[in-house]
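To keep things clear, I will list the structure first and then write my remarks on it.
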Amino acid sequence: MTTSADLLTDLVADVDEVFLFSPTGSTYDDFREVDDEPVVVVAPEDDHDAERYVELPLEFDNVRDRIRFGIEGAMDHGFCAEGDVVACAVGVFGDPIDGVIRTPVTESMHSGIYDLFANSRADPNVVRDVFEVAIELGKKGQKGKPVGALFVVGDAGKVMNKSRPLSYNPFEKSHVHVGDPIVNVMLKEFSRLDGAFVISDSGKIVSAYRYLEPGAEGVDIPKGLGARHMAGGAITRDTNAIAIVLSESDGLVRAFKGGSLVLELDPEEY
347 MTTSADLLTD LVADVDEVFL FSPTGSTYDD FREVDDEPVV VVAPEDDHDA
397 ERYVELPLEF DNVRDRIRFG IEGAMDHGFC AEGDVVACAV GVFGDPIDGV
447 IRTPVTESMH SGIYDLFANS RADPNVVRDV FEVAIELGKK GQKGKPVGAL
497 FVVGDAGKVM NKSRPLSYNP FEKSHVHVGD PIVNVMLKEF SRLDGAFVIS
547 DSGKIVSAYR YLEPGAEGVD IPKGLGARHM AGGAITRDTN AIAIVLSESD
597 GLVRAFKGGS LVLELDPEEY
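Counting from 347, one number per residue, gives the positions in the sequence shown under the numbering used here.
Have a look at this one:
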């Protein structure tokens with residue numbers, strides 16, 4: 347008679363690693379019994395004291411995005427590498443785990459997005475909300491015309507100390523947060539004017555129209571990118587903030603951390 351352990355053995359045969367996405371205790375124990383190497387647990391919390399664990403700081407409705415994010419985190423931790431084949435046990439139709447997906451690990455999966463979300467000072471959901479604003483701006487622009495924008499997220503106090511106002515700050519006495527649909531409309535409207543938006547770790551919009559003062563020395567950005575990108579890179583070199591920049595010239599969204607470009611994406615692909 348075929349047992350559940352036999353079925354699991356067949357499913358994970360010939361793979362290099364097994365990934366369990368938010369497993370229950372019993373599922374974790376079942377997979378540990380059939381795999382010689384420690385499984386990789388991908389979850390918001392390490393409830394099982396797993397030997398190999400990848401934090402999942404965001405909720406993903408899309409299974410493909412969840413798997414890609416988990417695999418990239420595992421690559422960062424050295425749990426898998428390009429060329430490996432992994433089996434991902436995941437909840438396709440919701441919790442608990444109800445499917446196993448086998449996939450190769452490719453270099454294209456290592457985009458930089460995991461480090462940006464998991465290891466930044468700002469709340470990961472705030473980072474995602476700002477990306478969504480930048481991506482929508484990149485798709486639609488302002489009244490059909492391309493627009494550039496610069497969002498500095500996290501470590502707002504230090505960012506404010508290393509910048510100066512270009513105009514009246516419309517958010518000075520407000521307590522609005524990015525992610526609110528009405529606030530996002532405001533951000534898109536103000537983006538057509540000069541200066542950076544400053545957003546706190548928790549998502550509060552601290553200021554608009556900020557001129558970032560750090561110099562460009564030691565900032566690693568590709569040739570051809572302009573002053574907005576240089577300013578974004580420089581402020582992340584001197585603070586614990588990240589910068590999300592929408593380019594007016596090529597329409598791409600880029601992210602900077604620690605003075606370097608860490609992520610580049612095309613809004614039209616999202």
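Backbone N, C-alpha and C define an ideal beta-carbon position, used for all residues, glycine too.
Go ahead and pull the three-state DSSP assignment for residue i.
i    : result
Y514 : coil
R538 : coil
R600 : strand
F497 : strand
D566 : strand
E559 : coil
V619 : Shown here, the chain extends from 347 to 616; a query on residue 619 therefore has no answer.
S457 : coil
K485 : helix
S372 : helix
V524 : coil
A554 : strand
T348 : With a pLDDT of only 45 at T348, under the threshold of 50, the placement of this residue in the model should not be trusted; the figure read from the coordinates follows. Three-state result, T348: coil.
Excluding sequence positions up to five away, which residues of its chain have a Cβ less than 7 Å from the Cβ of residue i?
i    : result
E594 : P492, V493 and G494
P442 : T370 and T373
G597 : G484, P492 and P613
D444 : G437 and V438
N465 : none
In chain order, what residues of the same chain have a beta carbon less than 6 Å from the beta carbon of residue i, not counting five sequence neighbours either side?
i    : result
K485 : P613
V529 : V522
G458 : V608 and L609
F602 : G578, G579, T582 and A589
P560 : K508, A580, I581 and D584
S368 : A389
E615 : none
I447 : C434
R398 : P384, V386 and F425
A396 : V387
L512 : D540, G541, Y555 and Y557
L611 : V599
D392 : Y399
F406 : R412
Along the chain, where does the alpha helix (DSSP H) that runs through residue i open and close?
i    : result
R574 : A573 to D584
A468 : First-last for A468: undefined, no H or E at that position.
Counting along the chain, where does the beta strand (DSSP E) carrying residue i start and finish?
i    : result
V505 : Not the beta strand (DSSP E): V505 falls in the alpha helix (DSSP H), residues A502 to N507.
V364 : E363 to F367
A589 : I588 to L592
E610 : S606 to L611
Going by the CB atoms, is the gap between residue j and residue i shorter than 8 Å?
i    : j    : result
V436 : T449 : no
A468 : N515 : no
F365 : C434 : yes
V531 : I545 : no
L483 : K534 : yes
A562 : M576 : yes
V620 : L462 : Any property of residue 620 remains undetermined from this structure, which presents the chain solely from 347 to 616.
M455 : I481 : no
E379 : F425 : no
D475 : G549 : yes
A542 : R556 : yes
P470 : P403 : yes
E401 : G419 : yes
What residues in its chain sit with their C-beta under 8 Å from that of residue i, if we drop five residues either side in the sequence?
i    : result
D566 : G579, G605, S606 and L607
A427 : M421 and V451
E518 : S553
G564 : R583 and G605
R510 : R556, Y557 and E559
Using a Cβ-Cβ cut-off of 8 Å, state whether residue i counts as contacting chain B.
i    : result
A396 : Protein chains in the displayed structure number just one, and chain B is not present.
Exercise. Mind pulling the beta strand (DSSP E) runs of 3 or more residues that sit fully within the segment 382-453?
Worked result: 386-389, 398-401, 431-436 and 445-450
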